[in-house]
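Contents: one structure, followed by commentary.
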Amino acid sequence: MPTATSPQHARIRSLEGYHEAYHLSIHHPAEFWASVAEPFTWRRKWDTVVESDMPAGRNEWFAGARLNITENCLDRHLAARGNKLALIWEPNDPKERHLRLTYRELYQHVCQFANVLMNNGVEKGDRVCLYMPMIPELAIAVLACARIGAVHSVIFAGFSATAIADRVNDAQASVVITADGLNRGTKQIPVKRVVDEALETCSSVRKVIVVEHLGWPVQMDPDRDVWYHEEANNAAKICPAEEMKAEDPLFILYTSGSTGKPKGVVHTTAGYMVWADYTFRNVFQVEENDVYWCTADIGWVTGHSYLLYGPLLAGSTSLMFEGIPTYPDAGRFWEVIDKHSVSIFYTAPTAIRALMAEPLDNVLSYSLDSLRVLGSVGEPINEEAWHWYNEHVGKGRCPIVDTWWQTETGGIMISALAGITPSVPARAGLPLPGVLPVLLRQDGTEIEGNGEEGYLAIKQSWPGMIRTTYGDHYRAVQTYFGPYPGYYFTGDGARRDENGLYRIIGRVDDVINVSGHRFGTAEIENAINQNPNVVESAVVAFPHDVKGQGIYAYVICREGACKNEADKPRVEASIIETVVAEIGKIARPDKIQLVTGLPKTRSGKIMRRILRKVAEGETSNLGDVSTLLDPAVVEDIIQGAK
Ligand code: PRX
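Numbering follows my numbering, in which position 208 of the sequence shown is assigned residue number 239; successive positions increment by one, without gaps.
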């Protein structure tokens, strides 16, 4: 039996090792995590490993410790890995040159960007929002924030001006970093212009730092906007890292919940660092010479933990891709894998399903010999997609890790460890060390034993867990810790199979998972209701071949707005336009059904169960409709269903 301080806990290499680590992590978490945390660079070690009051949503890890995460991502590696590639950047257009940055080069760029931030008045604790293309400067800027102790909040560059403004205002950001424009397949998008529009309603922002990417002319506000490349001329390539407390916030990332307004999930420094590194190395079983590619955008948590922090903490080579899977053709992923000899590939089921629908030649014409491990994230991977991935991409020789986790969990929670713990189609698998999942009944009692299904909750604090929702701790408590006191409530339903492997069934709350991205039904309804034609709306999910779930909107129009059939396309198009303006293209409804009424109970509650059934095309068994105020509404909805 290893001793508590044995460094071997940092890395699991066998099934037996997994069970040992798991046991220790649950029964002696302080000893276990102290041992895992040992090899990092600490300016000062912790006084206590973990202090947790789950019902209050108060969880502290490594309290008393001092550190900077970028010293662990960069400085720590310079001696042994200074000339090793840290980042490979593959552009949208394969004819353009790719870029490679060694750890030393990345370190210098990060220091330089950090100096630019400081020269522009950014101080420790300030919030900096980033609205950027997937270019190296995004990775550099994120790390630059962390270097000086500024809290980064990356906003996915597909969100609309209104959505940016909501996030910037909530975070009270003083600086925004953006670029002149971005490439996405054949499209080019003027992101600076979107930021300009957003900032019309953001009084907290003093400076906008603009990275030149497309070489487009942009309007610069002389009192507010600066070009990064001009600022960088005056900035040194050395920048001492700010000393941070373990529980100082590292970043805010906005995510949707069942209420209308997205929440700013806050992650802190030490616990997140240990979790990102530990989960990355163990799940993917990373070796020194791996070239690792996570296709997620840094605008989402997957990009934070497994494109940026996890790989850099582990001293790995991480590939960053600007483009999309289908440009210039549906072979692009596979071409990039061969070109850069990618050995670990981590993507989303939605991408796999989209590529599966294309002719098989797109994948068969590449060797994919370099691949060793495959990963999936963001939504349940259906068996058909799992087998296609296994057979045509992994050639039957690469373990697949189906990783279940959430923005709030900071890193992977339930997953196979590649080649070590069981990898079964449509199962996320066993919990990682430190993760104690339980299945709960609606009344909050625990369901024991295997072959059971319930609400998925986590019973013990883990280092990477959400600390609060920015500016509103009560909301965090209410959402995650209040529903079942003593547990972190995930919002997912799960099944524990006969072998104790977890299968994630999907959300049990009003959250829709579209292509692995979360939207609250209320959030989309609020957006739709902004349209002047609309009186009321109700949004539900329906099964979608590629996206996993699609958005189905039932909309009641204002009297006279849609007088006859011929008006419908115009009204529907204008509703879509409103959603695109309020949230972004990613949240546009796939189907809109104009209705005259919604199925409501006598107390005025919409019976979504019925709307979901209609959206799924299952109208024969709608269950009990006797509590409805006006059952005739249902018949009308069925008649008009798409
Ligand atoms: O419903 C689960 C689903 O995605 C939700 C979390 O979304 P988000 O915070 O945006 O993070 C996505 C990337 C980690 C979860 O509540 N989900 C995520 N991964 C899986 C999954 N569902 C099934 N299987 C997965 N592997």
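Ideal Cβ positions, reconstructed from N, Cα and C, are used throughout, including at glycine.
Remember, predicted model here, so these are calculated numbers, not experimental data.
- The straight-line gap separating the alpha-carbon atoms of THR452 and GLY460 is approximately 8 Å.
- Less than 8 Å separates the beta-carbon of CYS142 from that of CYS270.
- In this structure ALA584 touches VAL570 by the C-beta definition: roughly 5 Å separates them, less than 8 Å.
- Residue state for GLU422 is assigned as helix, using DSSP reduced to three classes.
- Taking the Cα positions, ARG74 is about 15 Å away from ILE179.
- VAL424 is not a Cβ neighbour of THR333, given a cutoff of 8 Å.
- Judged by beta-carbon spacing, VAL222 lies within the 8 Å limit of ALA188, meaning their Cβ atoms are closer than that value.
- Pairing GLY475 with GLU62, the inter-Cα distance amounts to about 30 Å.
- For VAL199, there is no enclosing beta strand (DSSP E); the residue is found in the alpha helix (DSSP H) stretching over 192-202.
- With a contact defined as Cβ atoms closer than 8 Å, GLY522 and VAL539 qualify at about 6 Å.
- Selection GLU69, VAL610, SER287, TYR53 evaluated against ALA507 yields SER287 as nearest (Cα-Cα).
- Excluding its 5 nearest sequence neighbours in each direction, ALA416 has C-beta neighbours in its own chain below 7 Å: PRO380, ILE383, ARG384, MET387, listed in chain order.
- Contact annotation: LEU405 and TRP365 have beta-carbon atoms that are not nearer than 8 Å.
- ALA449 and LEU339 have their alpha carbons spaced roughly 20 Å apart.
- Secondary structure of ASN264 (DSSP, three-state): helix.
- DSSP places ILE559 in no beta strand (DSSP E) but in the uninterrupted alpha helix (DSSP H) bounded by 552-559.
- Just so you know, the alpha carbons of ALA181 and MET638 end up roughly 45 Å apart.
- Counting only heavy atoms of ligand 1, the residues whose C-beta sits closer than 7 Å to one of them are, along the chain, THR286, TRP331, VAL332, THR333, SER407, VAL408, GLY409, GLU410, PRO411, ILE412, ASP433, THR434, TRP435, TRP436, GLN437, THR438, GLU439, ALA459, THR521, GLY522, ASP523, ILE535, GLY537, ARG538, ASN544, GLY547, HIS548, ARG549.
- Shown here, SER446 sits in coil according to DSSP, grouped into three states, outside any helix or strand.
- A contact between stretches requires three or more CB pairs, one per stretch, nearer than 8 Å, and the stretch 472-488 fails this requirement with the stretch 80-96.
- Under DSSP, the beta-bridge partners assigned to MET275 are LEU98.
- THR658: not part of any beta strand (DSSP E); DSSP gives it neither H nor E.
- Counting only residues of its own chain and dropping the five nearest sequence neighbours on each side, GLU121 has a CB closer than 6 Å to the CB of HIS129, PHE352, VAL367.
- In this structure, the CA atom of ALA553 is about 5 Å from the CA atom of GLY291.
- Within a 10 Å sphere around the beta-carbon of GLU278 sit 16 or more other beta-carbons, which makes this residue buried.
- By the 16-neighbour rule on beta-carbons within 10 angstroms, PRO630 is buried.
- Your pair HIS418 and PRO390 does not check out as a contact, with CB atoms roughly 18 Å apart and the cut at 8 Å.
- In the pairwise beta carbon analysis, the stretch 253-265 is classified as not touching the stretch 312-328: fewer than three pairs are separated by under 8 Å.
- Residue pairing by DSSP places GLN624 opposite TYR585 in a beta bridge.
- Residue pairing from DSSP places LEU487 in a beta bridge opposite LEU470.
- Nearest in C-alpha terms to ASN413, of all of PRO293, ILE536, LEU470, is ILE536.
- When the Cα atoms are used, HIS50 and ARG458 turn out to be separated by approximately 19 Å.
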